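Worksheet for the structure shown next.
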Amino acid sequence: MNGIDDLITLIRDELGIAVTAGDAGRSLDEIPGWDSVHLLWLVTVVEQRTGRPASFPDLLQARDIEGLYAVLGGA
Amino acid sequence: MASSEATAGHGAGPPAGLSELFRGGDLAVRYPEVPALLEGLDGLEMTRAGQLLGRLDPADVLSRHPATRTIAVAVTGHGSVAPLQPALTAELARHGLLARTAVSPFGSYLFDLADPAGRLYADQPDLTICLLDAGVVFDELAVPWRPEDVRRVFAEKLRTLEKIVATFAENGRGTLVLNTLPLPFEIVAQLVDYRSRAALGAVWREANARLLGLMETGPAVVVLDLEPMAEELRLSDQRFRVYAGTPFTTELMARYAREVGHLAGGLAGQGRKCLVLDLDGTIWDGVLGEDGVDGIAISDGSRGQAFRAFQRVVKQLGAQGVLLAVVSKNEVSAVREVLRDRADMVLREEDFVRIAANWRPKHENLTELAQALNLGLDSFVFVDDSPHECGLVRRELPGVAVVCVDGDPALHAGRLLQDGWFTTREATEEDRARTERYRDELVRKDFLDGFESIEDYLRELGIVVRVRRAGPGDVPRLSQLTLRTNQFNLTTRRLQQPEVSALLRDPGRLVLAVEASDRFGDNGLVGAVFVRREADVLHIDNFLLSCRVFSRGIERGCLAALVEHAIATGVTAVSGEYRPTAKNGIVGDLYPRYGFRPVPAEAGDDGVARFRHDLREPLERPAHLQLEADFSGGTRS
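Here is the structure:
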């Protein structure tokens, strides 16, 4: 991923959740339609694309999209 | 990662058409296009599509497309079952079923299914999925454990599951889907000696066998054997299991969802009935027109043997009620010669209901075949090795399921079987004799061509119709008739086996089985009439007849028998209704044709037409058929 915008696009396209760059710092709990089960699909998609594993425990700690990016961006 | 990776190859995002519709906010508006957009997608792609489809509000889709069929699904299980939902949504949508799904929280199956007063039973879903995994047993084992401990805990769990099945049979609606518990290597390998591993393997499989045996307890339960489904797929992702409680990989969940999609499609009466095969490159090696009858390879060499193995698979399907037909660009005489004279052919002329070998476009042949067999094109599965032919059929006839096999015949059987197009809860005796009956039917058609008038033909046919009170042994076939019959089906009320059984037990109901035979053979149980007595009126809840026996006056015979029975038992009228669907237009004027008068519509009738026969005079029996009516027992009010 080249930047957090890529992750936002991914969430929009893969999960059908209407997020924008302005949502990056919003708590995941406040994003309409978000559910923790979506993490599984995001990990599946990102790992499939990069061929590198992401740290699941770190992802579970993430509170917002920026936090997710901090883990997935390095994957 | 580089941005080019983000769009490259496999995993490049949801299917383009579906994504575009979703992004444009048009997915609900254009929902009827969804099955076609899902065609050909693999498991992960279906999961992707399901993520987007799951965002739709079913009420919104229904308000735009009121005829969309819906299915209420409850998903529960031992672990976290929510990741099953996207694939399930997409697989059901592929069968034209709009899912209304309730997903239970982690590990809720006991809570959900053991308590008849709980939410799940109150919701009355059409399909209840209870996803089980090895954690059902191993989460309860203390360390250290031995195979004996596994035996004890699994036995306890089986007793619980038996109780759940009994509770469901008593209180549930629709179908409960359980599954066997695949044994993960990670557990087997915790035992260091092979003797203990063998003991564990034996204990485990015995218990899974008992689990599979629960299917015999009643028609409301289906136990899917998950182990064979996991072949070629990873069983679980340890991280997903440990951190998220998800028992299986996304790929295996998608595979399972596909199976459930076919099960649900079948229960909703959308099972496929006919397998249409290309010949050259599909069931034998070579080109008949060029290589000649003796030049094509059927068992010669390794490729030939692979084709022969595929033929055996096709024959096996045919023996269970799947109608087989040929649509091939070839000379028919040469094709018949191969089927008759090549000693190494597994498939023979008599295995096929029809052989369409000519040079016309395949979609035209398929359309004609559908007419000749009186089936919808959505009953067909078409197999061809030519991407061009596959593409053409897909484009011209979107209802036909197309299986495109490729150059390696060893893969043909897997391609055909991986999608369970013909999977059904139960094959009946009727199914096993189906090919023969349809062949008889085609002979009847030829016989018809020799007569001046349809009346002459019918008289010569020597039809015998037996209308009798149905018994418990008829339940599977009666349920199947309600599920599979789309054309001659007055109200299209689908009934699962437990619902038919309940009607048989109800003293206020009369369920009639209709059997027919003629000079060409026995048609078997071809129709059903579901009657309810209300005060002094007999009300026909539904009347159905297999499409094989249309236009022979059998329907008139059935109604005549019912009217006679009504008069003899002192009721004052027989009433019935017609609920129009996209497929049952053929029976729109059935009741008025036989002396029933239209009854003014009531508020909320919603397109339903009601009719009533005042019994002032009996309905004349058709002269050309012999009618035997046996209502012994009659209806009791």
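For the record, the sequence lines run as chains A and B. Taking the numbering used here, the leading residue of the first sequence gets 1, the next gets one more, and so forth. Taking the numbering used here, the leading residue of the second sequence gets 1001, the next gets one more, and so forth. A virtual CB, placed ideally from N, CA and C, is assigned to each residue, including glycine. The model shown is predicted, which means the values in this text are computed figures rather than measured ones.
Where residue i falls, given that 16 or more other Cβ within 10 Å makes a residue buried
i	result
His1613(B)	buried
Thr1007(B)	In this prediction, Thr1007(B) scores a pLDDT of 32, lower than 50, which makes its location untrustworthy; no coordinate-derived value is stated.
Asp23(A)	buried
Asp1351(B)	buried
Pro1125(B)	buried
Gln1270(B)	buried
Phe1611(B)	buried
Val1549(B)	buried
Leu1279(B)	buried
Arg1395(B)	exposed
Ser1501(B)	buried
Asn2(A)	exposed
Asp1057(B)	exposed
Tyr1194(B)	exposed
Asp1237(B)	buried
Ser1080(B)	buried
Lys1157(B)	buried
Arg1493(B)	exposed
Gly1407(B)	exposed
His1565(B)	buried
Phe56(A)	buried
Rounded Cβ spacing between residue i and residue j (contact assumed at less than 8 Å)
i	j	result
Ala1326(B)	Ala1357(B)	In the sequence as presented, Ala is not what sits at residue 1326(B); that position holds Val. About 6 Å separates the two Cβ atoms, so the contact holds.
Ala1480(B)	Ile1586(B)	Looking at the sequence provided, one finds Gln at residue 1480(B) rather than Ala. Not confirmed; about 20 Å, so no contact.
Asp1133(B)	Pro1247(B)	3 Å
Leu1397(B)	Leu1366(B)	6 Å
Gly1174(B)	Gln1496(B)	7 Å
Asp1385(B)	Gly1281(B)	4 Å
Trp1284(B)	Ala1297(B)	6 Å
Glu1091(B)	Gly1266(B)	Contact doesn't hold; Cβ gap of about 13 Å is too wide.
Leu1619(B)	Ala1560(B)	4 Å
Thr1428(B)	Arg1477(B)	5 Å
Leu1277(B)	Leu1324(B)	7 Å
Arg1308(B)	Ser1302(B)	Between Ser1302(B) and Arg1308(B) the Cβ distance is about 11 Å, and since that is not below 8 Å, they are no contact.
Amino acids of chain A, ordered along the chain, whose beta-carbon sits closer than 8 Å to that of residue i
i	result
Leu1088(B)	The premise fails here: Leu1088(B) is roughly 13 Å from chain A at the closest Cβ pair, so nothing lies under 8 Å.
Contact list for residue i against chain B, beta-carbon separation under 9 Å
i	result
Trp41(A)	Thr1047, Arg1048, Gln1051, Pro1083, Pro1086, Thr1250
Residue-level contact to chain E via CB, residue i, 8 Å cutoff
i	result
Thr1167(B)	No chain E appears in the structure shown, which is made up of the protein chains A and B.
Cross-chain neighbours of residue i in chain A, by beta carbon under 7 Å
i	result
Ala1244(B)	Leu40
Partner residues on chain A for residue i, Cβ-Cβ distance less than 9 Å
i	result
Arg1055(B)	Leu15, Gly16, Ile17, Gly33
Chain-ordered neighbours of residue i on chain B, where CB pairs are closer than 7 Å
i	result
Thr44(A)	Thr1250
Subject >> Validate contact between the segment 1115-1128 of chain B and the segment 1159-1172 of chain B using beta carbons, cut 8 Å, 3 pairs >> reply: Yes: at least three Cβ pairs fall under 8 Å.
**OP:** Could you tell me whether the segment 1599-1615 of chain B touches the segment 1514-1526 of chain B, where touching means 3 or more Cβ pairs closer than 8 Å?
**Re:** Below 8 Å, too few C-beta pairs join the segment 1599-1615 of chain B and the segment 1514-1526 of chain B to call them touching: fewer than three.
Subject >> Positions along the segment 5-18 of chain A whose CB lies within less than 7 Å of some CB in chain B >> reply: Those residues of the segment 5-18 of chain A placed with their C-beta closer than 7 Å to a C-beta in chain B are Asp6, Asp13, Glu14, Leu15, Gly16, ordered along the chain.
Original post:
Do the segment 1082-1095 of chain B and the segment 1243-1260 of chain B meet, that is, are 3 or more Cβ pairs less than 8 Å apart?
Top reply: Cβ pair count under 8 Å is three or more, so yes.
Subject >> Sufficient close CB pairs (3 or more, under 8 Å) joining the segment 1563-1572 of chain B to the segment 1524-1541 of chain B >> reply: In the pairwise beta carbon analysis, the segment 1563-1572 of chain B is classified as touching the segment 1524-1541 of chain B: at least three pairs are separated by under 8 Å.
Subject >> Contacting positions in the segment 1220-1240 of chain B - beta carbon closer than 8 Å to chain A >> reply: Taking 8 Å as the Cβ-Cβ cut-off against chain A, the residues of the segment 1220-1240 of chain B that qualify are Arg1239, Phe1240.
Subject >> Positions along the segment 53-64 of chain A whose CB lies within less than 7 Å of some CB in chain B >> reply: Under the 7 Å Cβ criterion, the segment 53-64 of chain A contributes Phe56, Pro57, Leu60.
Subject >> Validate contact between the segment 1377-1390 of chain B and the segment 1220-1233 of chain B using beta carbons, cut 8 Å, 3 pairs >> reply: Remark: fewer than three beta-carbon pairs, one from each stretch, lie closer than 8 Å, so the segment 1377-1390 of chain B and the segment 1220-1233 of chain B are not flagged as touching.
Subject >> Interface positions of the segment 24-38 of chain A facing chain B (Cβ-Cβ less than 9 Å), listed along the chain >> reply: For the segment 24-38 of chain A, which is checked against every Cβ of chain B, the residues closer than 9 Å are Gly33, Asp35, Ser36, Val37, His38.
**OP:** Mind checking the segment 1019-1044 of chain B against chain A and listing, in chain order, the residues whose C-beta falls within less than 7 Å of any C-beta there?
**Re:** Cβ contacts with chain A come from Ser1019, Phe1022.
Original post:
Contact between the segment 1304-1324 of chain B and the segment 1332-1340 of chain B: three or more CB pairs below 8 Å?
Top reply: Not touching, per the Cβ criterion.
**OP:** Could you say if the segment 1140-1153 of chain B and the segment 1201-1218 of chain B meet the contact criterion of at least three C-beta pairs nearer than 8 Å?
**Re:** Contact between the segment 1140-1153 of chain B and the segment 1201-1218 of chain B is present, with at least three C-beta pairs closer than 8 Å.
Original post:
Between the segment 18-34 of chain A and the segment 59-73 of chain A, do at least 3 Cβ pairs fall closer than 8 Å?
Top reply: The segment 18-34 of chain A is in contact with the segment 59-73 of chain A.
**OP:** Determine contact between the segment 9-17 of chain A and the segment 1049-1062 of chain B, defined as no fewer than three beta-carbon pairs at a distance below 8 Å.
**Re:** Note that the segment 9-17 of chain A touches the segment 1049-1062 of chain B; at least 3 beta-carbon pairs, one per stretch, sit closer than 8 Å.
**OP:** Examine the Cβ distances between the segment 1456-1472 of chain B and the segment 1542-1557 of chain B and report whether three or more of them are shorter than 8 Å.
**Re:** With a cut-off of 8 Å on Cβ pairs, the segment 1456-1472 of chain B is in contact with the segment 1542-1557 of chain B, counting three or more such pairs.
**OP:** Give a yes or no on contact between the segment 1295-1313 of chain B and the segment 1429-1448 of chain B, applying the rule of three or more CB pairs nearer than 8 Å.
**Re:** No, they do not touch.
Original post:
Hey, is the segment 1172-1189 of chain B in contact with the segment 1140-1148 of chain B, meaning 3+ C-beta pairs nearer than 8 Å?
Top reply: Cβ pair count under 8 Å is below three, so no.
Original post:
Hey, is the segment 1063-1071 of chain B in contact with the segment 1095-1115 of chain B, meaning 3+ C-beta pairs nearer than 8 Å?
Top reply: By the criterion of at least three beta-carbon pairs nearer than 8 Å, the segment 1063-1071 of chain B is in contact with the segment 1095-1115 of chain B.
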